[in-house]
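Residue numbering for the sequence shown follows our numbering, beginning at 300 and increasing consecutively. This report refers to the structure that appears directly beneath it.
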Amino acid sequence: MSNQSVKPEQSVLQRLGMSQLQRDLRAMFRAQSADRAMVTGLARIGDYLGADYLVVHARLGAHFLSEEFSDNFRPSDKVRDVINGTMGDVVDEGQARCIRLRAASDGEYGPTIIAAVLYDEENEPAGAAAILLRECGRDRAVEIFSAFESVLGFLSVLVEQPQVPVSSPAGGIQQNEAALAGVATADPVQLAFHISGSLANRHNLDQVAVGFVSGKRVRVASISGMDDVRPSNPGVKWIRNAMEEGLDTGHAVAFGATQSGGSVDCDFPLHRQWHQAVSGDTVGTLPIEFGGRTVGMIAVRQSADSGLQRKNLESFQKEIEPYARLLPLAQRASRGIVRHAGEKVAALLRPIFGSTARRVVCSMLAAAALVYWLMFGSLSYSVVVTGRVATAQSQHISCPQDGTLERVHVAIGDVIEPGQVLAELDTHLDQLEAAELRARIQAKMVESDRALVEQSAVDRRVIESQRRALEAQLAIVNRKVERGRIRAVVGGVIVSGDPRNRIGYPLQAGYELFQIACTDRVRIIMSVPENSIVDARQASEAQLLLAARPDQTIDLLELRFPPAAVASPSGMVFEVDTELSVGDGSLLPGMEGVVYMDLGERNAWWVLTHRITDWLRLRFWI
């Protein structure tokens, strides 16, 4: 193998020419046996990628291939161990890896190990291959990683399935298969569009659709002449239904085709539905088989006078056989994250549950363990209900006397202190009356002093009596002025009342202006359904988790259970409550959350089934 120096900025894919590499590999497998072609092909791949060392461990049918390729370079035993360990990991995980080893100095690139999986004809891991690059930058490593994984996928196809002779009906398809293998793994939908468009153009068909098979279902991937295939489209639904009917049949189906004896009356209702929806055009489906199973479906439509027959579909089936080996790669590339995770778990469990007998024994042991745990094991049992924060103490502020509202100093949501002025009534007349009374009192004090000088005891007693009466009147007026300034008795938050729209209007004594909720102490109300109240009474404490504070759990003690239930939109509930002291005012009325009541350990079977058992007893008197 040659160790060619490559500029870091040069694209590896551009330098290598992956299409040429795939054509070379195809030629090797045409001219040699699979085993020999595998060895020479791997050497060619290592040479194309500029690898310093390449190793492969794979199972080819009944043979096991273990080879090393290098030019005057042997990695150390420690590096060999890392390479072999990486190859084992990629086989177990089902995905390629790229590992950078520690560099000799900070200014140098460290050796890079790239490993990828080789698959057998059933898309199961059959081994792995790895390359080592002594000096490789990050960008170059990423490109070589992608190229190595792609070309190994193509090599896996060549190993298990020998090439169709050039004279086969595949024609142009076969010539492009090497290039399409990369498309299958990179963009499965693009491969499906290529198949449908190529078949439609060569045979002048009105419509060709390609579908991927998964179990008993078919997913329409492409339709010739359509850029976007939407499953909700009625035309797509007719095609999918016909494909699934053809999948159940297992052979080519032509509906509306003509023969010399007249029209063929086929009992295929889903094909008939599609036939009628397209104004009587001839429709048909044919399966794409690979490895003894159907991996895809083809659906075609042609005008009624075209003379399309079942034998034409069978000829199409032979023509698209080379594509059969590409569709499993496409399906594997297009798998979703859930299926990918499931396959990874299956790969991890495969060494444990290898043989059929072992799987049966392990399944029986697992089932027995599950039954034993259900009967004798335990689970934590709890009652989870909704909870809300309410005021433990509130104050209603009303208009203390008749008067006209002059000012409002607060609004809903304001935090207030005890004694704070909330609103004011118009007290100008009372203030004038108070001033007049103070003047009269001052005059009486002067008269009292004059009577004292004149030694008229009787007059002085009369004057003093009048002065005291005026002072009593002044106290009453001052009280009215002070009551005109409406103050808060306790601190808290204003939760209701907005009299600002009443400014300038006369108010009667007793008119409610505000409601103040105390924030230093709150009430937690838990709505317990009636079917859980018996269990909830066994809980001495609970925990509250508020939506506004999901990171903090609040302990609830001394739960109070009411004697009767109340109606709610969800049915009859018991409003269990307790009170909390909150010094910082962090719990505000109206907050909602979830209350968790732990009732200890209960039998696992009872915990999992008691709800449905109670429902059955109520409905059917069991």
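Ideal Cβ placement from N, Cα and C applies to all residues, glycine included.
Assuming Val599 and Leu504 form a contact by the criterion Cβ under 8 angstroms, report the distance between their Cβ atoms to the nearest whole angstrom. 5 angstroms
CA-to-CA distance, Leu612 to Gly583, given in whole angstroms: Spanning the two alpha carbons is a distance of roughly 8 angstroms.
Tell me, please, whether the stretch 682-694 touches the stretch 774-786 by the rule of three or more beta-carbon pairs shorter than 8 angstroms. no
So what does DSSP say about Glu716, is it helix, strand or coil? coil
Taking 7 angstroms as the line, does the beta carbon of Gln608 fall inside it for any heavy atom of the ligand NAD? Among the components modelled here there is no ligand, and therefore nothing to report on the ligand NAD.
Three-pair Cβ contact test at 8 angstroms for the stretch 904-916 versus the stretch 852-864: no
So Val450 packs on Leu320, CB below 8 angstroms; how close in whole Å? Val450 to Leu320, Cβ: 6 angstroms. Contact.
Count the other CB atoms within 10 Å of the CB of Ala691; is the residue buried (16 or more) or exposed (fewer)? buried
Return the CA-CA distance between Tyr895 and Asp380, expressed in angstroms with no decimal places. The straight-line gap separating the alpha-carbon atoms of Tyr895 and Asp380 is approximately 53 angstroms.
Which same chain residues, not among the five before or five after Val670, have their C-beta less than 6 angstroms away from its C-beta? none
Can you round the beta-carbon distance between Pro533 and Phe589 to whole angstroms, since I take them to be within the 8 angstroms contact cut? Actually they are not in contact, since the Cβ atoms of Pro533 and Phe589 sit about 31 angstroms apart, beyond 8 angstroms.
Determine, using beta-carbon pairs with one atom in the stretch 821-834 and one in the stretch 863-874, whether at least three such pairs fall under 8 angstroms. yes
Please state whether the Cβ-Cβ distance between Ala342 and Phe368 is less than 8 angstroms. yes
Indicate the three-state DSSP secondary structure (helix, strand or coil) for Asp526 in the structure shown. The three-state reading of DSSP puts Asp526 in coil, since its state is none of H, G, I, E or B.
Starting from Asp897, follow the beta strand (DSSP E) in both directions and report where the run begins and ends. 891-902
How many Å lie between Leu907 and Glu618 at the Cα? Looking at the two C-alpha atoms, the distance is approximately 57 angstroms.
Please report the distance separating the alpha-carbon of Gln489 from that of Asp897. 56 angstroms
Taking the Cβ atom as the reference point for each residue, do Ala553 and Thr581 lie within a distance shorter than 8 angstroms? yes
Should the stretch 796-813 be regarded as contacting the stretch 726-742, the criterion being three or more beta carbon pairs within less than 8 angstroms? Three or more Cβ pairs closer than 8 angstroms define a contact, and the stretch 796-813 falls short of that threshold against the stretch 726-742.
Go through its chain and collect everything with a Cβ distance to Glu770's Cβ below 7 angstroms, but skip five positions before and after it. Ile740
Should Gly470 be labelled buried (16 or more other beta-carbon atoms within 10 Å of its own) or exposed? Here Gly470 scores only 40 on pLDDT, less than 50, and its place in the model is too uncertain to base an answer on.
Less than 8 angstroms between C-beta atoms, sequence neighbours within five positions excluded: which residues of the same chain meet that for Phe954? Residue 954 is absent from the model: the chain starts at 300 and stops at 921.
Coil, strand or helix - Ala541 by DSSP: Collapsing the DSSP output to three states places Ala541 in a helix.
With a threshold of 7 angstroms on Cβ separation, who are the neighbours of Gly791 within its own chain once the five nearest residues in sequence on each side are excluded? Closer than 7 angstroms at the Cβ level, and outside the excluded window around Gly791, lie Ile715, Ile815, Ala816, Cys817, Thr818.
Assuming Phe567 is part of the beta strand (DSSP E), what are its boundary residues? Segment: none, Phe567 is in no beta strand (DSSP E) and carries neither H nor E.
Helix, strand or coil for His356 per DSSP? strand
According to DSSP, simplified to helix, strand and coil, what is Trp914? helix
Going by CA-CA distance only, name the one from Val827, Ala689, Pro410 that's closest to Ser869. Val827
Just list the alpha helix (DSSP H) runs in the stretch 318-401, keeping only unbroken ones of 4 residues or longer that don't cross its boundaries, in chain order. Segments of the alpha helix (DSSP H) lying fully in the stretch 318-401: 333-348, 376-392.
Go through its chain and collect everything with a Cβ distance to Val338's Cβ below 8 angstroms, but skip five positions before and after it. Leu364, Glu366
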